[in-house]
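Structure first, commentary second.
Number of protein chains: 2
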Amino acid sequence: MDEPRKRSRPGRAPAPAGRTARPRQSEVARLAGVSQATVSLVLAGKKQGATISDETRQKVLDAARSLGYVPDPAARRLAAARNDLLGVFSFTATFPTDVQHSYYPFLVGVEQEAAARGYDLVLFTGSSTGGAGAAGPDALSRVRLADGCLFLGRHAPAGELRRLVADGFPVVHIGRRDELEGLAWVGADYVSASREVVGRLAALGHRRIVLIREDDDAPASTDREHGFLKGLEAAGLPGGPAAVFRSAAPERELTAERLRGWTDDGVTAFVAEETDTGGAWRALRTAVRDARVDCPSEVSLALLGSPPPDLADGPQVTGFDIPRTRLGAAAVRLLAALVAGEEAAEPLVSCVFRAGATAGPPPAP
Amino acid sequence: MDEPRKRSRPGRAPAPAGRTARPRQSEVARLAGVSQATVSLVLAGKKQGATISDETRQKVLDAARSLGYVPDPAARRLAAARNDLLGVFSFTATFPTDVQHSYYPFLVGVEQEAAARGYDLVLFTGSSTGGAGAAGPDALSRVRLADGCLFLGRHAPAGELRRLVADGFPVVHIGRRDELEGLAWVGADYVSASREVVGRLAALGHRRIVLIREDDDAPASTDREHGFLKGLEAAGLPGGPAAVFRSAAPERELTAERLRGWTDDGVTAFVAEETDTGGAWRALRTAVRDARVDCPSEVSLALLGSPPPDLADGPQVTGFDIPRTRLGAAAVRLLAALVAGEEAAEPLVSCVFRAGATAGPPPAP
DNA sequence: AGGAATCGTTAATGCGTATTAGTTATGCGC
DNA sequence: GCGCATAACTAATACGCATTAACGATTCCT
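As given, the protein sequences belong to chains A and B, one line each in that order.
Take 1 as the starting number for the first sequence in UniProt numbering and just add one per residue.
Take 1 as the starting number for the second sequence in UniProt numbering and just add one per residue.
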């Protein structure tokens, strides 16, 4: 005879008054007249260990239903040595006051893919405030509570990241990040996308195309230039340093005069890289307007990415879209693979060409 | 002598190659030369059981840090403790493809407040896709992994919610929801806000004001009407059924004629309730336009909420803003209190009056 | 000086479930 | 009728952590 149900282990926080204890497998077992293990086996429902008689199975199922049994996820996860949690860590707030600055598009994909794979997400509210985790050197160590973790933005401290990677903790970075040996990441395929844009322009009849880029060397910039040059080459067009202009105020500013010079010289199309400020694109638009050349009848313009929000109105810009949602999903897929101990897959996600209205055939000579 | 680390319990999924398992308290203990219990005591950090020497405490902390120890949430939870995780559950996708339909404004507040209190967030990717969780009767049971859970939207199945509440699991619903006995919730104080709007109109000199509402009885509608009537009463203005118009197409539609009837009868201001469709406000604007009365010179208009996004341009509408971000924060505060076993606090968050330009003094008689 | 009170730590136990190694029934062949 | 495989369960154990009773070592008191 065992004590009824009054289990009041001392020291245990007193259960909130009036709280009906949830039924456990052991209670289902008692009601069904079998052992707890049997209940577990039946409820696991695996077709594999089918060594349970139909009669017993039914008794257990009935008992479980009548008691309203629900498994305790904590216990389940503890016993299974996994918790079906994927972390999401962004150095800045994940939900900044301004949606524009948020990772929302990524999160859409992350949530979808995570849900599809049965994972829940842990948002580490790190960094932003020093709440309880403070900003110690082990600030990132809480992420280990998940089975693996996604990092957004390039602000994650390299040292800590390296540590996680070295420990074999599954980590995926959204955005190219290959200076960190062994870090898995997913990124947009700027090379191919840029190359395609050039290809489209060439197909329209353009023979001389110039890339306007800013004067820094982020991977995103380098990739685009690389793709641009490959595109020229593939189309049999003149490449070389003359096809690329690094604008740098004030010495090498993109002025209307300079633009005129190019068009007079036979250049019929311009391509600008996308950056977070949209600097190159802004400069290009301004120069075109000041030079009083019409787009797209006199010059064609294309942007290697999407225009900044404040320039988003007006006719659609020829260029490509970065599939952030798909990137988020790809990141989760990759992370799930790492968690499962598989090898990393293809990290590049292709961008989608956007025809737009700022490019057309070159003017007749 | 115990086996080194090769713990390969049969049946357990083999750890991914090369992956160092997360450190456990027992490993921290070994490194620090103490027992697992001591580690637990030290890491619990309770000032209460201060029966640990500073020297030992330091050894343990160092060991934990150097191993990157992080407690297993499932184990913690199982041992009837807390794990500093708050759940966020929305029946629809938390990050829908369209930001407009998302809970973003709430999440901003939720994240801020959670971070400030040292909680991380678990996003339960429920329902939306049938991924792994399917739609069983225990769909909500996963939330029990967290210390408590926030529910967004009124789609959370009442049965499951009731179950969680009955079991004493801390739950907070964002948005009024008092048909469910014992469910904690936070909501906007529509009564006070509506009352204030009426007060402002009265202060401007309006003596007859009519409320245009839709024909349903959601709490949000009832609250607004209640506040509206209280406002009239406080200002000593005529209330009663005549002051409220339930528009219901087609029998009782809000037509220009009807509007004219009111203005001819001395009504100088109209107030519409906000709904998700914005129906009442749309009808009111249309009627005013068709009746060719000018706003605000001839009639004053106010909206008990914010205009729908597609009507957001033009002059600002007199009314009030629902402080979604603050609501999110308030929800977290309440949830934290419940988790701590305290009693629920004030669930209402006040709205902010928005002066706008659609209301002014009544025309001279 | 002998016993009590105190301090610092550890051994032991439980949380609820999954898994596996038994342990009984039952049926079978010879 | 006696092993022996098979079926149907159950006992035992581990998961990682929190909690507490118990214990050895000091220090304190009278």
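Note that the Cβ used here is the ideal one computed from N, Cα and C, for glycine as well.
Report the three-state DSSP secondary structure of residue i (helix, strand or coil).
{"i": "residue 366 of chain A", "result": "Chain A is shown from 1 up to 365; residue 366 of chain A falls before or after that span and cannot be answered."}
{"i": "F106 of chain B", "result": "helix"}
{"i": "F228 of chain B", "result": "helix"}
{"i": "H101 of chain B", "result": "helix"}
{"i": "A135 of chain B", "result": "For A135 of chain B, the predicted structure reports a pLDDT of 49, less than 50, and the residue's modelled location is therefore unreliable. A value from the coordinates is still provided. In this structure, A135 of chain B counts as coil in the three-state DSSP scheme."}
{"i": "L86 of chain B", "result": "strand"}
{"i": "G199 of chain B", "result": "helix"}
{"i": "S247 of chain B", "result": "strand"}
{"i": "V60 of chain A", "result": "helix"}
{"i": "L121 of chain B", "result": "strand"}
{"i": "G240 of chain A", "result": "coil"}
{"i": "residue 368 of chain A", "result": "With chain A covering 1 to 365 only, the question about residue 368 of chain A has no answer from this structure."}
{"i": "R252 of chain B", "result": "strand"}
{"i": "residue 366 of chain B", "result": "Shown here, chain B extends from 1 to 365; a query on residue 366 of chain B therefore has no answer."}
{"i": "R24 of chain A", "result": "coil"}
{"i": "V42 of chain B", "result": "helix"}
{"i": "T94 of chain A", "result": "coil"}
{"i": "S66 of chain A", "result": "helix"}
{"i": "T358 of chain A", "result": "coil"}
{"i": "G261 of chain B", "result": "helix"}
{"i": "P365 of chain B", "result": "coil"}
Taking its Cβ as the centre, do 16 or more other Cβ atoms sit within 10 Å of residue i, making it buried, or is it exposed?
{"i": "E274 of chain B", "result": "buried"}
{"i": "E257 of chain B", "result": "exposed"}
{"i": "P307 of chain B", "result": "buried"}
{"i": "V99 of chain A", "result": "exposed"}
{"i": "A63 of chain B", "result": "buried"}
{"i": "T325 of chain B", "result": "buried"}
{"i": "residue 408 of chain B", "result": "Outside the modelled stretch of chain B, which goes from 1 to 365, sits residue 408 of chain B, for which no answer is possible."}
{"i": "G261 of chain A", "result": "exposed"}
{"i": "E113 of chain B", "result": "buried"}
{"i": "P296 of chain A", "result": "buried"}
{"i": "T277 of chain B", "result": "exposed"}
{"i": "T97 of chain B", "result": "exposed"}
{"i": "Q25 of chain A", "result": "buried"}
{"i": "H155 of chain B", "result": "exposed"}
{"i": "D313 of chain A", "result": "exposed"}
{"i": "D223 of chain A", "result": "buried"}
{"i": "G148 of chain B", "result": "buried"}
{"i": "E55 of chain A", "result": "exposed"}
{"i": "D217 of chain B", "result": "exposed"}
{"i": "A357 of chain B", "result": "exposed"}
Who are the neighbours of residue i on chain B, taking C-beta pairs under 9 Å?
{"i": "S40 of chain A", "result": "What S40 of chain A touches in chain B: nothing, since even the nearest Cβ is about 13 Å away."}
{"i": "Y104 of chain A", "result": "F95, V99, S102 and Y104"}
Which bits of chain B does residue i rub up against, with CB to CB less than 7 Å?
{"i": "S141 of chain A", "result": "G68 and V70"}
{"i": "E27 of chain A", "result": "In chain order: nothing, as chain B lies at least about 14 Å away."}
What residues of chain A sit near residue i, judged by a beta carbon separation below 7 Å?
{"i": "residue 384 of chain B", "result": "With chain B covering 1 to 365 only, the question about residue 384 of chain B has no answer from this structure."}
{"i": "A114 of chain B", "result": "T125"}
{"i": "R77 of chain B", "result": "A74"}
{"i": "V60 of chain B", "result": "In chain order: nothing, as chain A lies at least about 14 Å away."}
{"i": "V108 of chain B", "result": "F95 and T97"}
{"i": "E346 of chain B", "result": "Correct list: empty, because the minimum Cβ distance to chain A is about 21 Å."}
{"i": "E196 of chain B", "result": "Those within 7 Å of E196 of chain B in chain A number zero; the least Cβ separation is about 25 Å."}
Can you pull the chain A residues whose beta carbon is under 8 Å from the beta carbon of residue i, in chain order?
{"i": "E342 of chain B", "result": "Within 8 Å Cβ-Cβ: nothing; E342 of chain B doesn't reach chain A, min ~11 Å."}
{"i": "L121 of chain B", "result": "V122, L123 and T125"}
Output, in chain order, the set of chain B residues within a Cβ distance shorter than 8 Å of residue i.
{"i": "E181 of chain A", "result": "Per Cβ cutoff of 8 Å: no residues; E181 of chain A is ~15 Å from chain B at best."}
Cβ of residue i versus every heavy atom of the ligand MN: is any distance shorter than 8 Å?
{"i": "R208 of chain B", "result": "No copy of the ligand MN appears in this structure; indeed no ligand is present at all."}
- Task: Note down, in chain order, all residues in the stretch 89-100 of chain A with a beta-carbon under 8 Å from any beta-carbon belonging to chain B.
- Result: For the stretch 89-100 of chain A, which is checked against every Cβ of chain B, the residues closer than 8 Å are A93, T94, F95, P96, T97 and V99.
- Task: Scan the stretch 198-225 of chain A for residues whose Cβ lies nearer than 8 Å to a Cβ of chain B and list them as they occur along the chain.
- Result: So nothing in the stretch comes that close.
- Item | alpha helix (DSSP H) segments (min. 4 residues) lying fully within the stretch 267-344 of chain B | Here the runs fully enclosed are 279-290 and 324-339.
- Message: If we require 4 or more residues per run, which alpha helix (DSSP H) segments fall completely within the stretch 152-222 of chain B?
- Response: Complete alpha helix (DSSP H) runs here, min 4: 158-166 and 190-204.
- Message: By the 9 Å beta-carbon criterion, what residues does the stretch 246-261 of chain B contribute toward chain A?
- Response: Here the close residues number zero.
- Message: Short of 7 Å Cβ to Cβ, which residues in the stretch 284-308 of chain A face chain B?
- Response: Within the stretch 284-308 of chain A, no residue qualifies.
- Residues in the stretch 265-282 of chain A with C-beta within 9 Å of chain B's C-beta atoms, listed in sequence order? For the stretch 265-282 of chain A, which is checked against every Cβ of chain B, not one residue is closer than 9 Å.
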